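Just so we're aligned, residue 1 is where the sequence shown starts under the UniProt record's numbering, counting upward by one.
Just so it is clear, CB atoms sit at the ideal spot from N, CA and C, and this is done for glycine as well.
Computed from a predicted model, the values in this text were never measured in an experiment.
Have a look at the structure below before the remarks.
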Amino acid sequence: KSPEEDMFDYLIMSSGRYTNIGLLSSSMFIDVDSDDNPDIQFHNINIDQNHEEDIKVLTMKSYNMRREIAQSYIDANKNRHIVLTMPTLLRQKSRGRVSLRSSDPKDKPKIISGYL
Numbered sequence: 001k002s003p004e005e006d007m008f009d010y011l012i013m014s015s016g017r018y019t020n021i022g023l024l025s026s027s028m029f030i031d032v033d034s035d036d037n038p039d040i041q042f043h044n045i046n047i048d049q050n051h052e053e054d055i056k057v058l059t060m061k062s063y064n065m066r067r068e069i070a071q072s073y074i075d076a077n078k079n080r081h082i083v084l085t086m087p088t089l090l091r092q093k094s095r096g097r098v099s100l101r102s103s104d105p106k107d108k109p110k111i112i113s114g115y116l
C-alpha cells in the first residue's frame with residue numbers, strides 16, 4: 001500500500017500500519033550468564049513487502065551494516081514481508097562518554113568510545 005492509503009486506513013478505518021507503535025513489533029531479553037539480569041535484547045522488526053527505505057534506515061543508519069548486507073535484506077523484501085531480528089548488548093563492558101567540544105552549538109561533540 002502507498003503511504004496515502006495507509007493514512008486513509010488509519011484516519012477513516014482506525015486500522016492499518018499506523019495503528020501500531022511503529023516498526024518494532026516485539027522484543028525479548030536474554031540472560032546469558034545466569035545473574036538474573038538480561039545481557040542481550042532482541043528487537044523483532046516487521047517490514048512489509050517492498051519497503052526499501054525502512055530497511056536502509058534500520059540496517060545502514062541504525063545498525064551501521066555494510067551496504068551489501070543491507071542489499072541482501074532489500075532483495076529478500078522485494079516480494080515478501082520480512083522480520084528482522086536485531087540484537088542489542090545491554091551491559092557492554094566498555095564505557096565511553098560524549099562531551100561538548102566547545103560552547104559553539106555547531107561543533108561536533110567529542111566522542112570517546114572507551115573500547116580499549
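Go ahead and label ALA76 buried or exposed: buried means 16 or more other beta carbons lie within 10 angstroms of its beta carbon, across all protein chains shown. ALA76 comes out exposed.
What does a CB cutoff of less than 7 Å around ILE55 pick up in its chain, not counting 5 residues either side in sequence? Contacts found: ILE47, ALA70, TYR73, ILE74 and ASN77.
Three-state secondary structure (DSSP) at ASN50? Per DSSP, reduced to three states, the secondary structure at ASN50 is coil, with no helix or strand assignment.
Measuring only the C-alpha atoms, how far is ILE12 from GLU5? Taking the straight line from one Cα to the other gives about 10 Å.
What does a CB cutoff of less than 6 Å around ARG97 pick up in its chain, not counting 5 residues either side in sequence? Contacts found: ILE112.
My assumption, with CB atoms under 8 Å, is that MET27 sits in contact with HIS43. Please give the rounded CB distance. Here residue 27 is Ser; the residue named in the question, Met, does not match the sequence. Contact between SER27 and HIS43 holds, with the beta-carbon distance rounding to 5 Å and staying under 8 Å.
Pull up the distance between the alpha-carbon of HIS81 and that of GLN41, whole angstroms please. Rounded to the nearest angstrom, the two C-alpha atoms are 23 Å apart.
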